[in-house]
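> Take the sequence shown: its position 29, counting from 1, is numbered 222 in the working numbering, and each next residue is one higher.
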Amino acid sequence: MTHNKQPVSVLVVIYTAEGEVLLLERADHPGYWQSVTGSRDGEETLAETAIREVREETGLDVRQYALTDWQSQNVYEIYPHWRYRYPPGITHNTEHVFSLQLPHPVDIQLAPREHLNYQWLAWQDAAEKVFSPSNRAAILELPQRVQRKSE
Numbered sequence: 194m195t196h197n198k199q200p201v202s203v204l205v206v207i208y209t210a211e212g213e214v215l216l217l218e219r220a221d222h223p224g225y226w227q228s229v230t231g232s233r234d235g236e237e238t239l240a241e242t243a244i245r246e247v248r249e250e251t252g253l254d255v256r257q258y259a260l261t262d263w264q265s266q267n268v269y270e271i272y273p274h275w276r277y278r279y280p281p282g283i284t285h286n287t288e289h290v291f292s293l294q295l296p297h298p299v300d301i302q303l304a305p306r307e308h309l310n311y312q313w314l315a316w317q318d319a320a321e322k323v324f325s326p327s328n329r330a331a332i333l334e335l336p337q338r339v340q341r342k343s344e
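Structure follows, in structure tokens:
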């Protein structure tokens, strides 16, 4: 297993029909809250990455719920203090946005090395709390996304 992460990742916003959003607190950066996120492994598809990351970070089985690929990506500069994880010279990551709708908030199993805590928040509060601008933008888009599906 190489330590060179691929500069291709997924962001999975987990939310309920009522508009509550699951946030996870990073173990390596206490006080930093985020949705499920992770880099692609090997040749897996983006959907496979999303399914694996949700399972690893929350214990949830995505197949029981509605996973949606937003067909949307964000390209952003990798924070300098995390660049050592990537191949030399890589400065930008392409993040692909997914969402996972649950019927109601559930208890999750955290990956202790990755996250300290989790909480379910109203989407407006969740958008305020996350540290990543792309994560915030995705959460703010949820209301339109949810309505489109139910129409």
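Glycine residues also receive a C-beta, built at the ideal position from the N, C-alpha and C atoms.
#1: Count the other CB atoms, across all protein chains shown, that sit within 10 Å of the CB of V268; report buried if there are 16 or more and exposed otherwise.
#2: Y277 to P200, Cα distance in whole Å?
#3: Given a cut-off of 9 Å on the beta-carbon distance, is the pair W313 and L335 in contact?
#4: Nearest to N328 by CA position, among E211, E237, A259, S265, is which residue?
#5: Is E236 helix, strand or coil by DSSP?
#6: Alpha carbon to alpha carbon, how far is T287 from L295? Give it in angstroms, no decimals.
#7: Closest to E249 by CA distance: which of Q337, R306, L333 is it?
#8: What are the start and end residues of the beta strand (DSSP E) that includes Q317?
#9: Would you call K198 buried or exposed, if buried means 16 or more other Cβ atoms sit within 10 Å of its Cβ?
#10: Starting from T284, trace the beta strand (DSSP E) in both directions and tell me its first and last residue.
#11: What do you get for L216, buried or exposed, if any count of 16 or more other CB atoms within 10 angstroms of its CB means buried?
#12: From A240 to F291, what distance separates their C-alpha atoms?
With the given structure in hand:
#1: Taking the sequence shown and counting its residues from 1, the one referred to as residue 268 is at position 75. That one is exposed.
#2: One-based indexing of the sequence shown puts residue 277 at position 84. One-based indexing of the sequence shown puts residue 200 at position 7. Spanning the two alpha carbons is a distance of roughly 12 Å.
#3: Start at 1 with the first residue of the sequence shown, and residue 313 comes out as number 120. Start at 1 with the first residue of the sequence shown, and residue 335 comes out as number 142. No. Outside cutoff.
#4: Your numbering for residue 328 matches position 135 in the sequence shown. Comparing Cα positions, the closest option is S265.
#5: In the sequence shown, residue 236 corresponds to position 43, counting from 1. In the structure shown, E236 sits in coil (DSSP, three-state: anything other than H, G, I, E or B).
#6: For the purposes of this step, residue 295 is taken as the residue at position 102 of the sequence shown. For the purposes of this step, residue 287 is taken as the residue at position 94 of the sequence shown. Their backbone Cα atoms lie some 26 Å apart in a straight line.
#7: As a working note, residue 249 is residue 56 in the sequence shown. Closest by alpha carbon: R306.
#8: As a first step, residue 317 is located in the sequence shown; it is residue number 124 there, counting from the start. No beta strand (DSSP E) contains Q317, which is instead part of the alpha helix (DSSP H) from 316-322.
#9: Taking the first residue of the sequence shown as 1, we reach residue 198 at position 5. By the 10 Å Cβ count, K198 comes out buried.
#10: One-based indexing of the sequence shown puts residue 284 at position 91. Taken as a continuous stretch (DSSP letters only), T284 belongs to no beta strand (DSSP E), as it is neither H nor E.
#11: Indexing the sequence shown from 1 puts residue 216 at position 23. Buried, by the Cβ-count rule.
#12: For the purposes of this step, residue 240 is taken as residue 47 along the sequence shown, with counting starting at 1. For the purposes of this step, residue 291 is taken as residue 98 along the sequence shown, with counting starting at 1. Taking the straight line from one Cα to the other gives about 8 Å.
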